[in-house]
Amino acid sequence: MADMNELFYKDPYLTEFDARVVSCTQCKKGYEIVLTDTCFYPEGGGQPADRGVINYIPVLHVSRKKDDTIVHLTETPIKEGTEIHGKIDWAHRFSLMQNHSGEHIVSGLVHRKFGYDNVGYHMSDVITLDLSGVLTWDQLMEIEHEVNEVIWENRPINILFPSDDEIEALDYRSKKELTGTIRLVEIPDADLCACCGTHVARTGEIGLVKFLSMINYKGGVRIEMVAGDLALNDYERKLDASQEIQRLLCLKPDEIAEGVKKIMNESREKDMKIASINKKYFDLKIASLPDDQEILVDFEENLNGIELRKFCDQLKNSGKATVSAIFCVSDDSAENDAPAVSYCIGSTGPDLRQASKALNTAFSGRGGGSPEMIQGTFYVNPDTLRTDFCRIFKNITEH
1 MADMNELFYK DPYLTEFDAR VVSCTQCKKG YEIVLTDTCF YPEGGGQPAD
51 RGVINYIPVL HVSRKKDDTI VHLTETPIKE GTEIHGKIDW AHRFSLMQNH
101 SGEHIVSGLV HRKFGYDNVG YHMSDVITLD LSGVLTWDQL MEIEHEVNEV
151 IWENRPINIL FPSDDEIEAL DYRSKKELTG TIRLVEIPDA DLCACCGTHV
201 ARTGEIGLVK FLSMINYKGG VRIEMVAGDL ALNDYERKLD ASQEIQRLLC
251 LKPDEIAEGV KKIMNESREK DMKIASINKK YFDLKIASLP DDQEILVDFE
301 ENLNGIELRK FCDQLKNSGK ATVSAIFCVS DDSAENDAPA VSYCIGSTGP
351 DLRQASKALN TAFSGRGGGS PEMIQGTFYV NPDTLRTDFC RIFKNITEH
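In terms of my numbering, the sequence shown opens at residue 1 and continues consecutively.
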């Protein structure tokens, strides 16, 4: 709708407005409302839509149609011709402005320094940014410092509409070929980019940009970052976690890393000692079991999944039986209050994959594995396993 006043461009800090309903059309998700004026930014260019209310009715989504009409999705209809008062969620809008402007500085400096392009961009609880080339973490940290220097210098962010002649002389970033009037966002000595989104007036309003992670992705890198209020929220969450670790371990802030390393090393040493003791126990237990069994069933206590598997593997390789079934009753229970019995079954004969599904059906279980070994949990009375397992297993494998 060419005559619609897109107030978010005229003043991105405007939070309330008055307008009239041009049309209200029912759709699958509710009602699409078109207004004479709006300060609701429609989703586009990687920036999510604004949130808010129209006459106290929540706006669920805002989008732009192919004919440039902006539609506001609501659950409740508003009659055509109705005079309305709209209000956007300013905290949400300002967060988007902070993070969008922060991303521009990052992309601009990366492009200037390394020649890489921003080839993918998504905003949610964190910003996901895909770059066309590979960076090291040290290089990314250098960019982070430079980005924040631009922020702290409180540079102006300018919106430009250059003429056709002027645009020819400008070196600006753009993901696609553009025609007609081109809207450029300029951050002096940092970035010049074609963009349809909303931005803060000065870089200082961004507050801070912090990189969270980086992985190699499609020949380049994928970066997760936060800015503004998202950076503050991220810091608060991590500070809460850090303080809880300090409290639990009685550590000072600068002692956390070494303290956790010490605990991990002690845990590994204990695991090694337990594994050694288990190995000796398994050897003694296997020696006490009868030889030349078709199916050998054994019940154990207090074995975790890894220990259960190691025992089963050791028993299978001992040659005591063609099929070795180890069971361990746990504290968990199913909805019918039947005990949870962990199992690990090894075989030097029949393919256990064929038996797995039938066993899980027979004993209300879940699990699976390979032809030689399956593992999982049965929800069944252990006495039932003792009396029925061998019979049911033979019946399954013989048919």
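Using N, Cα and C, we set each Cβ at its ideal position, and we do this for glycine too.
Does DSSP put residue i in a helix, in a strand, or in coil?
i	result
N216	strand
T74	strand
P440	Here the chain comprises residues numbered 1 to 399, so residue 440 is not present and cannot be evaluated.
D337	coil
Y31	strand
L251	coil
K477	Because the chain spans 1 through 399 in this model, residue 477 falls outside it and cannot be assessed.
F17	strand
P382	helix
D191	strand
V221	strand
S342	strand
V260	helix
M1	With a pLDDT of 40 at M1, under the threshold of 50, the modelled position of that residue is not reliable, and the figure given next carries that caveat. In this structure, M1 counts as coil in the three-state DSSP scheme.
E244	helix
E83	strand
A231	helix
T69	coil
Y121	strand
F389	helix
G204	helix
F8	helix
S370	coil
S364	coil
T397	helix
Using alpha carbons as the reference points, say which of the options lies closest to residue i.
i	options	result
K285	S276, D298, K273, A275	D298
W137	I215, G81, L352, I151	I215
K357	G319, G369, D189, G346	G369
P58	C312, D67, E43, I33	I33
K320	A287, E307, I345	A287
E75	H61, T69, E144	H61
G52	L14, T69, I306, G346	L14
K29	V71, V22, K66, K279	V71
V209	V134, C250, W152	W152
C196	L249, A325, F161	F161
I392	A362, R366, P371, T377	A362
R64	I54, D50, I396, V200	D50
I396	R386, P382, P350, V380	P350
S318	Q375, F282, R183, I277	F282
P113	S95, K87, E144	One point to set straight first is that residue 113 is Lys, not Pro, in the sequence displayed. Of the candidates S95, K87, E144, the one whose C-alpha sits nearest the C-alpha of K113 is E144.
S213	S324, S95, N118, T128	T128
A275	C27, L303, I84, L249	L303
P382	G367, T348, S347, I326	I326
G228	V200, C250, E255	V200
I182	D189, Y172, P188, D191	Y172
L96	F8, E83, N118	F8
V119	E224, G204, S174	S174
Should residue i be labelled buried (16 or more other beta-carbon atoms within 10 Å of its own) or exposed?
i	result
T25	exposed
E103	buried
A355	buried
Y235	exposed
E186	buried
Q98	buried
C344	buried
Y41	buried
E307	buried
R400	With the chain represented from 1 up to 399, any question about residue 400 goes unanswered, as that position is not in the structure.
D292	exposed
S101	buried
E16	exposed
D18	exposed
V147	buried
A169	exposed
K316	buried
D125	exposed
R20	exposed
N265	exposed
A241	exposed
A257	exposed
Tell me whether the beta-carbon of residue i lies closer than 8 Å to the beta-carbon of residue j.
i	j	result
E6	T38	yes
A238	Q246	Residue 238 is actually Lys in this sequence, not Ala. Cβ distance not < 8 Å, so K238 and Q246 don't count as in contact.
Y121	L131	no
E372	L352	yes
D191	S107	yes
I88	N55	no
T377	S342	yes
T198	P12	yes
For this session: Report the residue ranges of all beta strand (DSSP E) runs contained in full by the stretch 265–312; include only those spanning at least 3 residues, in chain order.
Result: Entirely contained in the stretch 265–312, the beta strand (DSSP E) runs reaching 3 residues are, in chain order, 293–300.
Handout entry: 3-residue-minimum beta strand (DSSP E) runs that sit fully inside the stretch 127–186, ordered along the chain
Key = Counting only runs of 3 or more, we get 127–131, 158–160.
Identify every run of the alpha helix (DSSP H) within the stretch 86–114, keeping only runs that are complete inside it and at least 4 residues long; order them along the chain. You should have 90–114.
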